[in-house]
Structure formats: C-alpha cells, structure tokens
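Remember, my numbering sits 10 above the position in the sequence shown when you count from 1. Positions of the beta carbon are idealized from the N, C-alpha and C atoms, including for glycine.
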Amino acid sequence: MAVDLLLGLQWGDEGKGKIVDVLTSNYNIIARFQGGPNAGHTLEFDGIKHVLRTIPSGIFHKNSINIIGNGVVIDPVVFVKELEGLDQFDIDYKSKLIISRKAHIILPTHRLLDAASETAKGKAKIGSTLKGIGPTYMDKTGRNGLRIGDLELTDWKDKYRALANKHQAMIDFYDVDIQYDLEELEEEFFDSIKILKTLQFIDSEEYLHQAQKDGKSILAEGAQGSLLDIDFGTYPFVTSSNTTAAGACTGLGVAPNKIGEVYGIFKAYTTRVGSGPFPTELFDSIGEDMARIGHEFGAVTGRPRRCGWLDLVALKYACQVNGVTQLMMMKSDVLSGFKTLKVCTAYNYKGETIQHLPYNIEAENIKPIYTEFKGWKEDLTKMTEASQLPSELNNYIDFLEKELEIPIKIVSVGPDRTQTIHR
Ligand code: IMP
C-alpha cells in the first residue's frame with residue numbers, strides 16, 4: 011500500500027487537523043513526520059473544540075494507530091499536558107499512540123535558548139513560537155541531540171546534563187535578560203519523562219515498512235506549511251524542518267516510490283503568523299474583516315494572524331515542490347460577503363512581471379498583480395452539497411483548478427467535521 015500525505019501549502023494554519031480528522035476513517039495509521047509543539051491542529055466535532063500539538067489528528071478515531079515519527083521533536087512537558095487533555099475523551103492512548111525511538115527530545119534549555127536567540131535578534135526576530143524547535147533541530151543536525159530511544163538507556167541523564175550545561179553556556183553567550191529557574195523546569199521535565207516512558211517506543215520505520223507490506227493504509231500528517239519549509243520557505247522566516255513532501259520520507263522512513271496521494275490543503279485566502287515576507291498581505295479593513303470573521307488567532311500562541319488575498323504564485327510553487335495530486339480549499343465560508351475577491355496571479359518583481367517565487371520576496375522587491383472576482387453573499391456554513399455552492403464561488407474554484415491543473419476535491423465551509431463538501 012502506498013502512503014498518502016497531507017500537507018499545508020501556505021504558511022501553516024490551513025486547517026490540516028480538520029482534514030486529517032475527516033479523512034481518518036479511511037486510514038489504519040496516521041503518522042506525524044516533522045515539527046513539534048509549535049503546531050496547533052484544531053479539530054471540532056460534536057460541539058467540542060480540541061487543539062493537538064504533537065499527537066496525530068487520528069487519535070479521536072476508534073480504530074486508527076497514531077505514530078509520532080523520527081522527524082518530530084517532542085517536548086515531554088507539553089506532551090504530557092496534551093495527554094491529560096485527552097483524558098476527558100477516554101482514549102486508550104497506551105495502545106493507540108506510539109513514538110519513534112529516533113524522535114528528538116526538546117529540553118527545557120532548548121526553550122530558553124529559543125527565547126535568548128529571538129531576543130538577541132531584536133527587530134530581525136523570526137517570530138518563533140518559542141517552543142524550542144530551532145535549537146532542538148540544531149542539536150539534531152549537530153549530532154548532539156537526546157532521542158526518545160536514549161530514555162531506555164541507563165546513562166541518559168548524563169547525556170542530558172552535558173547538553174543542558176552546553177545550553178546554559180550558550181544562553182550566557184547571548185547576554186540577554188532571560189530569567190529562569192532551571193531546577194523548577196527540570197523537576198517538571200523529569201516528572202513528564204516518567205509518564206512519557208509509559209508509552210510505547212518503537213522503531214517506527216520498521217513498523218511502517220511492515221504495515222505497508224501488510225496492506226495497511228497510512229496517512230502522513232504534516233505540520234506548519236510549505237512556505238515555512240527550512241529549504242523552500244521564506245528563509246530565514248521559516249521553521250526548522252522540511253514541511254514539504256520529502257520531509258515525510260525522511261521523517262518516517264518511507265521511500266519516495268511508496269508515496270501515493272499528496273493532499274494539499276490551502277485556505278481560500280492567505281494568513282501568516284510571525285514575521286517575514288507576505289506579498290498579498292492586507293493592511294486595511296478588508297484584512298481586519300478576514301481576521302475577525304475567520305477567527306485568525308494562533309492556536310499555539312494566541313497571536314493575531316496577518317491576513318491577505320490568495321497568492322496563486324506561491325500556491326503553484328508549493329504544489330510543484332510537493333507533487334500535490336488533490337487540493338482541499340479551507341475556510342471558503344470566511345469569504346462570504348466580500349463584494350470583490352482578488353487572487354494574485356503574478357508578481358511585479360523589480361519592474362518585471364514574473365510568475366514564480368523568486369529568491370527574495372521582501373515587500374520592496376515585489377508587487378502582487380491581481381485578478382478580480384465577483385464575491386458571493388450566501389452563508390455557506392449550512393451547505394452540504396457541491397450543487398448548493400453559489401456560482402461566484404464555483405467561478406473562483408474553476409479558475410484555481412485551471413491555473414493549478416489539480417482538482418479541488420474538498421471545499422470546507424466551517425470548522426466542524428460535518429461542514430465539509432466533497433466534489
Ligand atoms: P518556530 O518553528 O516555532 O521556531 O517558528 C518559526 C516560524 O514558523 C514563526 O514565524 C512561527 O510563527 C511559524 N510557525 C511555526 N509553527 C507554526 C504553525 O503551526 N502554524 C503557523 N506558523 C507556524
């Protein structure tokens with residue numbers, strides 16, 4: 011069986027949690043392959059809203075196994091809080107949730123380092139979620155990291171101590187005012203590790219290989235979005251992992267020729283949280299309306315998200331890099347009531363019209379060129395069939411499908427599982 015992928019195509023927050031949840035009943039296994047608790051995957055069903063950080067979004071479905079792959083970074087403290095949040099749902103996570111021994115661990119000092127590094131950057135800060143993601147991946151590629159499998163060894167605390175000492179020296183080097191009580195942080199960390207160790211640790215690449223041979227269906231769940239990819243995103247305003255399709259191969263140990271469908275998720279408009287270039291950003295009341303109607307506040311940090319028109323140039327780029335086979339358009343309902351809608355179809359780049367994402371998309375180099383569409387007034391949130399969608403929305407969808415040459419298979423019209431139109 012091939013492994014299907016689900017990826018965000020913009021700057022994250024596209025609504026991946028909802029779609030994984032909608033698709034989960036079709037899959038035996040859901041596997042997260044990168045990122046960590048910087049993600050906040052929101053799911054809504056039966057009148058309940060729940061945000062997942064590290065745990066795959068299949069956890070609420072009875073029959074799915076959920077894997078945290080080797081490409082993920084895990085903060086035991088956040089993770090245990092996440093488990094506690096699941097208690098109300100009576101989920102047997104000891105059998106449904108398994109963790110790769112090769113996944114790396116976020117230490118309390120990784121979080122402190124994140125804060126020190128961002129503070130030292132001043133105005134040039136990335137707008138990190140400050141969850142320790144960057145420093146943990148730095149230790150991974152620097153070959154110093156602490157991994158889940160280390161917790162099964164007797165000397166893991168020595169390794170921990172050496173790493174934490176190094177981090178403290180680095181925090182001092184930054185020479186910024188970061189207040190912390192390491193003893194207190196460590197107490198919480200070690201307590202959380204005790205709980206974490208009650209879960210199953212596995213060689214997940216082997217597990218997934220066998221599962222494929224046994225004909226199990228597998229969905230790899232991405233976090234963040236393609237434009238935050240460490241290689242292909244708007245560097246340096248990116249996260250520290252490969253959020254694109256190739257990240258699923260390295261983050262799970264799945265061979266490229268075993269990838270099946272690539273589901274690309276995008277919002278009917280664009281948002282970004284944190285710093286960095288955003289060519290179609292709106293600074294007027296239209297942007298404010300989008301943020302208000304779309305409840306555009308970060309699921310992890312609560313920060314307001316920046317809003318703007320759909321950027322087709324960037325979306326095309328993301329589709330290319332990922333090899334997207336099916337598209338899913340989220341939050342279409344948020345655009346109801348806007349008289350005119352705009353889609354950026356090209357950039358004016360240093361006086362030239364271009365249709366690709368150049369090396370540097372800072373505002374001073376780029377002016378978006380828009381195609382305008384007539385908006386629709388209808389409330390979409392109660393619609394259940396594609397035949398009910400207003401003609402103006404169908405025009406919008408047809409245009410995007412033609413430009414991207416990929417079918418839009420799902421149009422989401424609200425946060426709930428049921429507010430999902432299949433085409
Ligand atoms: P970090 O990964 O927490 O270091 O953050 C790096 C950049 O990625 C910042 O601009 C964050 O706002 C952004 N980012 C990280 N995770 C997410 C996410 O799940 N959704 C949206 N933006 C994110």
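Rounded to whole angstroms, the gap between the alpha carbons of I418 and Q398 is 16 Å. Sequence-distant partners of M180 (beyond 5 residues in either direction) whose C-beta falls short of 7 Å from its own C-beta, in its chain, are L123. Nearest Cα to A125 within the set D299, K176 and Y190: Y190. In this chain, the alpha helix (DSSP H) harbouring I303 covers S295 to I303. For the 8 Å CB-CB criterion, R153 and H114 do not form a contact.
About 44 Å separates the CB atoms of Y184 and A221; that is not less than 8 Å, and the two are not in contact.
In the three-state DSSP reduction, D426 falls in the strand class (E or B). For the set L192, E162 and G159, the Cα lying nearest the Cα of N175 is the one of L192. Secondary structure remark: continuous alpha helix (DSSP H) runs of at least 4 residues inside the segment 67–145, in chain order: 86–96, 103–106 and 118–131. When secondary structure is reduced to three states using DSSP, V61 falls in the strand class. In this chain, the beta strand (DSSP E) harbouring M338 covers Q336 to M340. At a cut-off of 7 Å, the beta-carbon of L238 counts as near the ligand IMP: some heavy atom of the ligand is closer than that. Within the segment 356–432, complete beta strand (DSSP E) segments of at least 3 residues are found at 362–364, 376–384, 418–422 and 430–432, given in chain order. Taking each of L117, L93 and Y380 in turn and checking the Cα distance to Y170, the smallest one comes out for L117.
Around the Cβ of G270, a 10 Å sphere holds fewer than 16 other Cβ atoms; the residue is exposed. Apart from sequence neighbours up to five positions away, the residues of its chain that approach V32 with a beta-carbon distance below 7 Å are R427 and T430, ordered along the chain.
Taking C-beta atoms as the reference points, K360 and N375 count as a pair closer than 8 Å. Under DSSP, Q210 forms a beta bridge with I108. The ligand IMP never approaches F242 closely enough for any of its heavy atoms to be under 7 Å from the residue's Cβ. With respect to G27, G257 sits apart: the two C-beta atoms are not nearer than 8 Å. The shortest C-alpha to C-alpha distance from A172 to any of T119, L218 and Q98 is the one to T119. Relative to the ligand IMP, the beta carbon of V61 is positioned no closer than 7 Å to any heavy atom.
Per DSSP, the beta bridge partners of P314 are F307. With a contact defined as Cβ atoms closer than 8 Å, Y273 and L16 qualify at about 5 Å.
The set of residues with CB atoms less than 7 Å from any heavy atom of the ligand IMP reads, in chain order, W21, G22, D23, G45, N48, A49, G50, D124, I136, G137, S138, T139, L140, K141, I143, G144, A233, Q234, G235, L238, F247, V248, T249, S250, V283, G284, S285, G286, G308 and V310. By DSSP's assignment, I29 forms no beta bridge with any residue. Selection S346, Q336, K392 and N358 evaluated against D14 yields Q336 as nearest (Cα-Cα).
Around T64, the same chain offers R42, G46, P47, A49, I78, V82, I84, D85, V88, F89 and E92 as residues with beta carbons nearer than 8 Å, after the five sequence neighbours per side are excluded.
The alpha-carbon of S401 is positioned some 29 Å away from that of H366. Residues L351 and F383 of the same chain have their beta carbon placed closer than 7 Å to that of Y406, with the five preceding and five following residues left out of the count. Under the Cβ criterion (8 Å, minimum of three pairs), the segment 228–244 does not count as touching the segment 298–308. The continuous stretches of alpha helix (DSSP H) do not include L17, which lies in the beta strand (DSSP E) extending over residues V13 to G18. Here F247 is near I136, since their CB atoms are less than 8 Å apart.
Here the alpha carbon of F199 sits roughly 22 Å from the alpha carbon of V61. DSSP places R157 in the strand class (E or B) of the three-state scheme.
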